[in-house]
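Undergrad:
Numbering (our numbering), first residue to last: 6 to 437.
Okay, structure coming up:
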């Protein structure tokens, strides 16, 4: 089936990313236009690095005739047991199905679906199997890593972590707390399993993005006795250039996490607070002052560049355990985790305002902006992350009413006042 080429490939790429199987979009001559994350995992390359490569270049030299038959569409059937080359010279046995071929002269695109052969390839070689595993025995406090795990990260077996603490220490500082929250939920029984993308430091000092799945085995009393983890590399951190993968979790303009990811982090913070009564956190909502005026007066392109710089400055203020996310338009939501009390939250708000004071130079314009900030503190009375964000937004709008560059702490009277205004507006509309 030919996929018509459009001026923008965004819609095609978005569709590709949601496919549950590894897939590529190709030009008829074999050039890869885009690849989904599953294909990147199978080919052991980041999807962005597959772009503009020709499928022939990825195949073993001996597979030239098979590749020509595949791209010519002569067989109309999947090509079984074709050898592709991974970085480092490793061979990967694949089954490739080209979903139709364009009619002669059609300059469309093709869909290639990849999979691992269910058995031996045509040459009789077994397809390689590599799974990175690690195991934690709670009674011994010991972690055991498989040879495949060591190979994945470049460690010698004697260098592999032997304790869970040492294993967690290999995670990127920005990923440690989120993983620990999920791990605590798994151990306590609040979550049945754990699946998380995180960055882990290899022997070369570089961080690799790994998809991590963890299952728990319990003793007769229901207590967690053993953890079994599986990991595989998923390529580089998803970004705007890689298309729609992670679209719900990474803002394409600013590169910040999105509202969806912030809500996920808030859920984890709330779960931790339920387990530890001394655990406090705050949620901040930052709205840019005069942003609409800048957008309308200087154009949306200038407004976008201003947002990018604001995002960079606010991101620079956070600690490793905090999350700064774009929640919509010119609004930024922040999880300020593991604080001692309200003073930590207000001091952080003041630091944010200080970061915004310097002008932003965009296309020859010196743009001065400030942020109105709403703050809400964690409390057992909150039952959802959405409620926390709602009240932080209410406090932010109260701060805007106080003047530019102010912050306001949420209290219940603000919510009641908001409800009263909404009810009054509804009654007025009905009266008309």
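The C-beta atom is built at its ideal place from N, Cα and C for all residues, glycine as well.
Taking the alpha helix (DSSP H) that residue 406 belongs to, which residues open and close that run?
TA: 390-406
Undergrad: Work out the CA separation of residue 19 and residue 248 for me, nearest whole Å.
TA: Residue placement at residue 248 cannot be trusted, given a pLDDT of 36 that sits under 50; the coordinates are not used to answer.
Undergrad: Hey, which unbroken runs of the alpha helix (DSSP H) at 4 residues or more fall wholly within the segment 256-301?
TA: 264-280
Undergrad: By how many angstroms is the C-alpha of residue 137 removed from the C-alpha of residue 69?
TA: About 32 Å.
Undergrad: Looking at the structure shown, is residue 24 part of a helix, part of a strand, or coil, going by DSSP?
TA: Residue state, collapsed to three classes: coil.
Undergrad: Taking the beta carbon of residue 236 as the centre, do at least 16 other beta carbons fall within 10 Å, making it buried, or is it exposed?
TA: buried
Undergrad: Could you tell me which residues DSSP pairs with residue 176 in its beta bridges?
TA: 205
Undergrad: In angstroms, rounded to a whole number, what distance separates the CA positions of residue 255 and residue 262?
TA: 5 Å
Undergrad: So what does DSSP say about residue 319, is it helix, strand or coil?
TA: The answer is helix: DSSP assigns residue 319 an H, G or I state.
Undergrad: Looking at C-beta atoms only, is the number of pairs between the segment 286-293 and the segment 369-381 that lie closer than 8 Å three or more?
TA: Yes: the two stretches touch, three or more of their Cβ pairs being nearer than 8 Å.
Undergrad: Does the separation of the CB atoms of residue 21 and residue 39 fall below 8 Å?
TA: yes
Undergrad: To the nearest angstrom, report how far apart residue 4 and residue 410 are at their CA atoms.
TA: In the structure as shown, the chain begins at 6 and stops at 437. Residue 4 is therefore absent and cannot be evaluated.
Undergrad: Given this structure, state the Cα-to-Cα distance separating residue 227 from residue 359, to the nearest angstrom.
TA: Cα-Cα distance, rounded: 51 Å.
Undergrad: In chain order, what residues of the same chain have a beta carbon less than 7 Å from the beta carbon of residue 169, not counting five sequence neighbours either side?
TA: Taken in chain order, the residues that qualify are 141, 148.
Undergrad: Taking all protein chains shown into account, do 16 or more other C-beta atoms lie within 10 angstroms of the C-beta of residue 275, making it buried, or fewer, making it exposed?
TA: buried
Undergrad: Looking at the structure shown, is residue 372 part of a helix, part of a strand, or coil, going by DSSP?
TA: strand
Undergrad: Alpha helix (DSSP H) containing residue 355: first to last residue?
TA: 347-360
Undergrad: Specify the secondary structure class of residue 160 as computed by DSSP and reduced to three states.
TA: In the three-state DSSP reduction, residue 160 falls in the coil class, being neither helix nor strand.
Undergrad: Can the beta-carbon of residue 307 be found less than 8 Å from the beta-carbon of residue 414?
TA: no
Undergrad: Measuring CB to CB, does residue 322 end up less than 8 Å from residue 356?
TA: Going by C-beta atoms, residue 322 is nearer than 8 Å to residue 356.
Undergrad: Which whole-angstrom value is the C-beta distance of residue 374 and residue 293, which I expect to be below 8 Å?
TA: 5 Å
Undergrad: Skipping 5 residues on each side, what residues in its chain have a beta carbon closer than 7 Å to that of residue 303?
TA: Around residue 303: 370.
Undergrad: Can you check which of these residues, 364, 166, 66, 114, is closest to residue 91 by C-alpha distance?
TA: 66
Undergrad: Reducing DSSP to helix, strand and coil, say where residue 34 ends up.
TA: coil
Undergrad: Could you have a look at residue 244 and say whether DSSP puts it in helix, strand or coil?
TA: Bear in mind that a pLDDT of 40 at residue 244, under 50, signals an unreliable position, so the number given afterwards is only what the model happens to contain. Correct three-state label for residue 244: coil.
Undergrad: Leaving out five residues on either side along the sequence, give the residues of the same chain with a beta carbon under 6 Å from the beta carbon of residue 97.
TA: Cβ-Cβ distances below 6 Å link residue 97 to 89, 91 in the same chain, with the five nearest sequence neighbours on each side left out; the list follows chain order.
Undergrad: Report the rounded CA-to-CA distance for residue 260 versus residue 51, giving the unit in angstroms.
TA: 18 Å
Undergrad: Flag this pair as yes or no: are the beta carbons of residue 213 and residue 143 separated by less than 8 Å?
TA: no
Undergrad: Quick check on the burial criterion: 16 or more other C-beta atoms within 10 angstroms. Buried or exposed for residue 163?
TA: exposed
Undergrad: Within a Cβ cutoff of 6 Å, which residues of the same chain sit near residue 332, ignoring the five residues on either side of it in sequence?
TA: Hits under 6 Å: 264, 338.
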